[in-house]
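Residue numbers (this note's numbering): 130 to 251.
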């Protein structure tokens, strides 16, 4: 009896390729979303009338562990106090005129869709 396993071999090959590419595509989607959020925050700060607010550096860090990918987007630690005033206001009022979390909310749907598409390739 002759059994042709060519189709099964091809399916196994495609599944292997997809299982390698999907996490990479998902990580790229998260990275693009993080960059878009960083760009939006910087644009918001650039519009500030306060010179020091315009110079607040924003950075992001991508972490991938297994099938989990996450981005941490934040002001650089050295200017934490000034960034807090810019985004959330001071103890005695003032500040809080710039958006921070809202930029992430704006980008969430698009990034989630790209990550979902990456997973669908499996």
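Yeah, the Cβ is synthetic: ideal placement off N, Cα and C, and Gly gets one too.
Kindly indicate which three-state DSSP category residue 204 falls into: helix, strand or coil?
Residue state, collapsed to three classes: strand.
Hey, out of 146, 162, 178, whose CA is closest to residue 235's CA?
Of the candidates 146, 162, 178, the one whose C-alpha sits nearest the C-alpha of residue 235 is 162.
Could you tell me which of 227, 202, 206 sits nearest to residue 214, measuring between CA atoms?
It is 227.
Go through its chain and collect everything with a Cβ distance to residue 159's Cβ below 6 Å, but skip five positions before and after it.
A distance below 6 Å between beta-carbons, with the five flanking residues on each side excluded, links residue 159 to the following residues of its chain, in chain order: 198, 200.
Run through the DSSP bridge pairs and tell me what residue 187 is partnered with.
In the DSSP assignment, residue 187 forms a beta bridge with 204.
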